[in-house]
Amino acid sequence: MRESRVDALVALQTAGTIVTLVLVLLAEGYHRSSYMGLPLALVFMSFVGTLLVARFLGKHL
Amino acid sequence: MRDIAVGVLVGLGVAGELLCCLGLVVMRDVYDRLHYAMATTTVPAFLIGAAVVVEEGWTQPGINALVIAVALFLLNPVTAVATARAARERRR
């Protein structure tokens, strides 16, 4: 059942995407348009984070 | 009418995301899993963005949701390539 670290990275990517979309839907559902910046920030944060972890996994771990 | 359209778009988007998650769990190879992980950022993300645009019109939240869908669509292939490369380096 235990998967490799790269599988975990793929799961992290998917989780980032899904959390972003959930935040969009929550902001829209509760009519808090000012919170729409949060998923936008998360897109870029998760992009940089995943890229760093992928680079690190390939080289060092 | 607009509520129905929003409901259908959100329903289709969420169903697409669930299908991708199912594929992620079922697949055995990391490359197959990556394929499903990237599919989450294509059609379902745009469906959810379109639902927000239909609900709000071309206002700040609608445009923001569309920008988020486009950013997901453009940025995630880069991380997919990096992840696939890391998987290949670890396999060698």
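Chains A and B, in that order, are what the protein sequence lines are.
Mapping the first sequence onto the working numbering, position 39 (from 1) lands on 27, and the numbers just tick up by one.
Each number in the working numbering comes from the position in the second sequence (counting from 1) with 1 added on.
Even glycine gets a Cβ: it sits at the ideal position worked out from N, Cα and C.
Cutoff 7 Å; reference residue i; Cβ partners in own chain excluding five residues on either side
i, result
"N77 of chain B", "M39, T42"
Limits of the unbroken alpha helix (DSSP H) element including residue i
i, result
"Y37 of chain B", "31 to 40"
"T38 of chain A", "25 to 47"
"T60 of chain B", "Premise fails: T60 of chain B is in no alpha helix (DSSP H) and is neither H nor E."
"E16 of chain A", "-7 to 17"
Contacts of residue i in chain A (Cβ-Cβ under 7 Å)
i, result
"L35 of chain B", "V(-2)"
Same chain, Cβ closer than 8 Å to residue i, five either side skipped, listed in chain order
i, result
"E18 of chain B", "T41, P45"
"F74 of chain B", "T42, T43, A46, F47"
"Y32 of chain B", "A85, A88"
Exposed unless 16 or more other CB atoms sit within 10 angstroms - verdict on residue i
i, result
"A81 of chain B", "buried"
"T38 of chain A", "buried"
"E34 of chain B", "For the sequence presented, residue 34 of chain B should be read as Arg rather than Glu. R34 of chain B should be labelled buried."
"Y37 of chain B", "buried"
"E90 of chain B", "exposed"
"I5 of chain B", "exposed"
"A88 of chain B", "buried"
"A42 of chain A", "buried"
"G17 of chain A", "exposed"
Beta carbon of residue i nearer than 8 Å to that of residue j
i, j, result
"V71 of chain B", "V7 of chain B", "no"
"A66 of chain B", "M24 of chain A", "yes"
"G46 of chain A", "R92 of chain B", "no"
"L26 of chain A", "L11 of chain A", "yes"
"T84 of chain B", "V(-6) of chain A", "yes"
"T2 of chain A", "L25 of chain B", "yes"
"L30 of chain A", "G4 of chain A", "yes"
Beta-carbon proximity list for residue i, same chain, < 6 Å, skipping 5 on both sides
i, result
"L10 of chain B", "L48, A51, A52"
"M2 of chain B", "none"
Chain A contact residues for residue i, given Cβ-Cβ distances below 8 Å
i, result
"V79 of chain B", "F35, L39"
Within chain B, partners of residue i - CB distance below 7 Å
i, result
"V12 of chain A", "I49, V53, A66, I69"
Per-residue contacts from residue i into chain B (C-beta, under 9 Å)
i, result
"L26 of chain A", "Within chain B, no residue comes near L26 of chain A; the closest Cβ sits about 10 Å away, beyond 9 Å."
Interface residues of chain C facing residue i [CB-CB closer than 8 Å]
i, result
"R86 of chain B", "Although the question refers to chain C, the structure presented lacks it and instead comprises the protein chains A and B."
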